[in-house]
Amino acid sequence: MNSQFKRGIVELCVMSIMTETDMYGYAIINRLSEFIDVNENTIYPILRRLTKEEYFDTYLVESSEGAPRKYYRMTEKGFAYYMMLRQEWNAFIGGVYQIINEGGKKDEEILRRFTTRTQKEKHE
Amino acid sequence: MKKYLEDLQQELKKRNMSENEIADILADHKEMIESAIRDGMDEADIRTKFGDPAHVAAELSAAEASETETSDTDSGEAWKSFPLTEGIKKIEVELVDDDVEYIGQSNSDVLEIKVNGKFNPEKYEVEFSSGVLKLNTTKQKGFSLFNRLREQISFTILVPENILIGELAHKGVNSDMVFKGVKIAKSKIITTNGDVTIENSELGESSWNTVNGDFNITKAKFESIDLTTVSGDIELKQVIVAKKFSVNGVSGDVKVSDTEFEEIKYNSVSGDFEGKECYAKTTSFRTVSGDVTLDNKTRRDGDTVKHSSVSGDIQIH
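Protein sequence lines, in the order shown, are assigned to chains R and L. Taking our numbering, the leading residue of the first sequence gets 104, the next gets one more, and so forth. Taking our numbering, the leading residue of the second sequence gets 23, the next gets one more, and so forth.
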């Protein structure tokens with residue numbers, strides 16, 4: 104898949120989970136890896152960029168078991184940006200669904216229509 | 023872990039990243055990997071979870087590169103120039119991230135547009151016909167999230183100093199706006215995060231809508247201002263508003279000094295209103311917890327002053 108395209112989706116996912124709670128880097132990666140192949144969609148560069156853009160800020164939390172953990176927190180600016188991304192995403196995905204479901208929602212139905220059409224053309 | 027960090031360091035060095043950046047990125051990775059191991063990740067899975075070092079470095083340097091390139095150029099290159107036979111009836115701008123400066127220029131009789139930063143003209147559409155200027159990003163069917171490159175650029179729109187622009191409509195998300203020495207009869211600004219700076223300008227009837235954007239206004243004249251804001255702040259210095267100044271806000275603060283209005287109507291949840299030498303014939307302040315302070319040295323008779331607040335402090339001197 105086009106990498107720019109994927110980057111956009113992963114960014115949307117990262118922002119989405121960050122609206123709920125502050126998280127440390129690995130927790131974000133781990134959460135996303137339940138759904139996405141994170142090895143291919145490296146998360147850290149996205150976190151770093153979103154932080155630089157002030158969509159996130161960070162703070163350290165001391166841990167009894169080792170070095171402090173760096174938490175990421177969504178800023179108000181980040182939330183506004185996320186709202187905009189969501190809007191764009193919904194508009195886009197709505198359009199995509201409309202197109203791909205126009206010929207029926209179920210695979211069998213689409214297949215049936217396709218075969219009847221192509222067979223009819225063969226006979227003609 | 024050591025091997026992974028070393029590989030990453032190598033890859034970052036290859037891409038000419040600065041020492042500071044590299045140290046920062048490595049420290050973040052050390053922290054994340056240590057966290058991961060504490061959370062029970064197997065060290066063998068480092069690459070699957072954090073990505074191949076070469077890939078990570080490439081992503082990071084791509085983001086970095088687009089940042090530095092944009093700040094490189096600053097003088098601004100001339101892009102378009104239009105003769106003004108019918109004046110400027112309207113300026114319509116719709117941009118996502120790009121900043122725009124509107125500047126009044128003396129000894130000029132053309133409308134000029136300059137561009138700063140790494141600019142791809144194919145991504146923008148501009149036209150000027152029958153006195154209407156339109157500037158926007160090329161329509162990318164519905165979804166621009168994926169094609170949005172980080173390369174932010176800025177436009178400077180230069181207009182003759184004394185011309186009155188009929189109308190301005192600027193719609194942006196992160197796009198900052200600057201107005202210097204321009205006259206506009208009617209302005210409509212919609213922005214999510216973009217900040218707006220107005221200096222030595224007249225913006226007529228103004229209707230503004232923002233989530234986070236701040237407004238900074240100095241030495242300017244308006245017919246009226248109607249502002250809706252969530253958390254954006256607004257500051258007015260040496261401003262004249264001939265009619266109504268109306269603010270509907272959630273947490274944004276308003277700061278006013280040396281300014282005259284006919285009427286102030288201020289509604290806010292927790293935003294504060296602070297006025298110094300702030301004169302109006304009619305004022306109405308309503309807040310839930312926002313404080314209102316008016317501090318005027320000379321007393322001028324205001325007709326009606328209505329105010330209410332649930333827990334905010336209202337002080338009018």
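For each residue, glycine too, the CB sits at the ideal point set by N, CA and C. Note that the structure is a prediction, hence the values are computed from the model and not measured.
Delimiting residues of the beta strand (DSSP E) encompassing residue i
i: residue 178 (chain L); result: 176-182
i: residue 192 (chain L); result: 189-194
i: residue 301 (chain L); result: 295-309
i: residue 273 (chain L); result: From DSSP, residue 273 (chain L) is part of no beta strand (DSSP E); its letter is neither H nor E.
i: residue 251 (chain L); result: 246-251
i: residue 129 (chain R); result: Residue 129 (chain R) -> not in any beta strand (DSSP E); alpha helix (DSSP H) instead, spanning 128-136.
i: residue 146 (chain L); result: 146-151
i: residue 162 (chain R); result: 159-166
i: residue 105 (chain L); result: 99-105
i: residue 201 (chain L); result: 199-202
Residue from the options whose Cα sits closest to the Cα of residue i
i: residue 240 (chain L); options: L:230, L:66, L:224; result: L:224
i: residue 179 (chain L); options: L:148, L:134, L:269, L:218; result: L:134
i: residue 210 (chain L); options: L:132, L:68, L:113; result: L:113
i: residue 181 (chain R); options: R:153, R:216, R:134, R:214; result: R:153
i: residue 290 (chain L); options: L:300, L:333, L:317, L:299; result: L:333
i: residue 114 (chain R); options: R:169, R:161, R:192, R:201; result: R:192
i: residue 108 (chain L); options: L:244, L:187, L:311; result: L:187
i: residue 169 (chain R); options: L:283, L:192, L:61; result: L:61
i: residue 266 (chain L); options: L:278, L:285, L:101, L:259; result: L:285
i: residue 83 (chain R); options: R:198, R:107, R:160, R:216; result: Examination of residue 83 (chain R) is not possible in this model, given that chain R is present from 104 through 227 alone.
i: residue 320 (chain L); options: L:271, L:329, L:300, L:310; result: L:300
i: residue 11 (chain L); options: R:121, R:136, R:122; result: Nothing about residue 11 (chain L) can be read from this structure; chain L reaches only from 23 to 339.
i: residue 69 (chain L); options: L:314, L:309, L:30, L:156; result: L:30
i: residue 83 (chain L); options: L:216, L:292, L:117, L:37; result: L:37
i: residue 246 (chain L); options: L:271, L:302, L:279, L:297; result: L:302
i: residue 292 (chain L); options: L:146, L:128, L:312; result: L:312
i: residue 48 (chain L); options: R:147, R:203, R:166; result: R:147
i: residue 258 (chain L); options: L:226, L:298, L:227, L:28; result: L:298
i: residue 155 (chain R); options: L:46, L:63, L:101; result: L:46
8 Å CB neighbourhood of residue i in its chain, flanking five on each side removed
i: residue 96 (chain L); result: Bear in mind that the predicted position of residue 96 (chain L) carries a pLDDT of just 45, short of 50, making it unreliable; the figure below should be weighed with that in mind. Cβ neighbours of residue 96 (chain L) beyond the five flanking positions: 138.
i: residue 189 (chain L); result: 111, 112, 113, 206, 207, 208, 209, 210
i: residue 226 (chain R); result: none
i: residue 110 (chain R); result: 144, 149
i: residue 139 (chain R); result: 113, 116
i: residue 122 (chain R); result: 177, 182, 185
i: residue 65 (chain L); result: 23, 59
Sub-7 Å separation of residue i and residue j beta-carbons
i: residue 173 (chain R); j: residue 53 (chain L); result: yes
i: residue 132 (chain R); j: residue 71 (chain L); result: yes
i: residue 281 (chain L); j: residue 187 (chain R); result: no
i: residue 105 (chain L); j: residue 148 (chain L); result: no
i: residue 295 (chain L); j: residue 276 (chain L); result: yes
i: residue 229 (chain L); j: residue 248 (chain L); result: yes
i: residue 136 (chain L); j: residue 98 (chain L); result: yes
i: residue 310 (chain L); j: residue 283 (chain L); result: no
i: residue 261 (chain L); j: residue 288 (chain L); result: no
i: residue 199 (chain L); j: residue 122 (chain L); result: yes
i: residue 179 (chain R); j: residue 330 (chain L); result: no
i: residue 250 (chain L); j: residue 231 (chain L); result: yes
i: residue 73 (chain L); j: residue 142 (chain R); result: yes
Nearest-angstrom beta carbon gap, residue j and residue i [assumed within contact, 8 Å]
i: residue 129 (chain R); j: residue 57 (chain L); result: 4 Å
i: residue 127 (chain R); j: residue 150 (chain R); result: Actually they are not in contact, since the Cβ atoms of residue 127 (chain R) and residue 150 (chain R) sit about 10 Å apart, beyond 8 Å.
i: residue 120 (chain L); j: residue 197 (chain L); result: 6 Å
i: residue 215 (chain R); j: residue 206 (chain R); result: So it is not a contact: roughly 10 Å between Cβ atoms.
i: residue 160 (chain L); j: residue 144 (chain L); result: 7 Å
N-terminal and C-terminal residue of the alpha helix (DSSP H) that residue i is part of
i: residue 128 (chain L); result: Where residue 128 (chain L) is concerned, there is no enclosing alpha helix (DSSP H), given that its DSSP letter is neither H nor E.
i: residue 211 (chain R); result: 210-226
i: residue 199 (chain R); result: 179-203
i: residue 63 (chain L); result: Residue 63 (chain L) -> no alpha helix (DSSP H), and no H or E assigned at all.
i: residue 119 (chain L); result: Per DSSP, residue 119 (chain L) belongs to no alpha helix (DSSP H) and is neither H nor E.
i: residue 26 (chain L); result: 24-36
i: residue 70 (chain L); result: 68-72
i: residue 155 (chain R); result: 147-155
Contacting residues, own chain, Cβ-Cβ under 6 Å from residue i (five flanking each side not counted)
i: residue 34 (chain L); result: 44, 79
i: residue 184 (chain R); result: 158
i: residue 421 (chain L); result: Given a span of 23 to 339 for chain L in the structure shown, any question on residue 421 (chain L) remains unanswerable.
i: residue 41 (chain L); result: none
i: residue 220 (chain L); result: 201, 239, 242
i: residue 338 (chain L); result: 316
i: residue 150 (chain L); result: 104
i: residue 314 (chain L); result: 295, 307, 336
Short CB-CB distance (under 7 Å) between residue i and chain B
i: residue 205 (chain R); result: Among the protein chains of the structure shown, namely R and L, there is no chain B.
Close Cβ partners of residue i (< 7 Å) along its chain, the five nearest in sequence each way excluded
i: residue 76 (chain L); result: 33
i: residue 203 (chain L); result: 125, 126, 183, 222, 223
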